[in-house]
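S.K.: Pasting in a structure now, in structure tokens, and then I'll have a few things to ask.
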Amino acid sequence: MLRDVIRISMAVALALSAGGVVTAAPASAGCETNALGAQYCDTPARPDGTWDRCVNVAPTPFFGQYGQIAGVTPAYGKCWPVNPAEPWPVTPIGQPQYHIYP
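Start counting the sequence shown at 165; every next residue gets the next number (the numbering used here).
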């Protein structure tokens, strides 16, 4: 009985995780993930050359002194206009210094 419950739970978890991979946007959709795990997405450029950039960061666990999960940083997301004629901002760290949209 317990083995059946565990098998069903694992099958459901596998199906849900595979669904996320199948429904993810392709890399050519104007998004890029940096080494820190943040996903940046750009909109198409407007006639004046500007565009909007959005960043999404997934919730991340942080660990305590003995290796246990001490908490989770909340998910984060925001959008802002980008003007390539102005200097690139220093933050957020790791953002691409170019227009991502193909």
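By construction, the Cβ of each residue, glycine as well, lies at the ideal position given by its N, Cα and C atoms.
#1: I'd like the list of long-range same chain contacts for Thr214, defined as Cβ closer than 8 Å, with 5 residues on each side in sequence excluded.
#2: Looking at the structure shown, is Asp212 part of a helix, part of a strand, or coil, going by DSSP?
#3: For Asn220, write down the residues that DSSP places opposite it in a beta bridge.
#4: Do Phe226 and Thr237 have their C-beta atoms closer together than 8 Å?
#5: With DSSP as the reference, identify every bridge partner of Pro260, one or two as the case may be.
#6: Of all the options Gly194, Cys195, Ala199, which has the alpha carbon lying nearest to the alpha carbon of Gly258?
M.R.: Considering the structure as presented:
#1: For Thr214, where only same-chain residues beyond five positions count, the Cβ hits under 8 Å are Pro245, Val246, Asn247, Pro248.
#2: Looking at Asp212 - three-state DSSP - the assignment turns out to be coil, as it is neither helix nor strand.
#3: Note: Asn220 sits in a beta bridge opposite Gln203, Gly241.
#4: It is a contact, given that the beta carbons lie within the stated cut-off.
#5: Checking the DSSP bridge columns, you'll see Pro260 has no partner listed.
#6: Taking only the C-alpha atoms, the option nearest Gly258 is Ala199.
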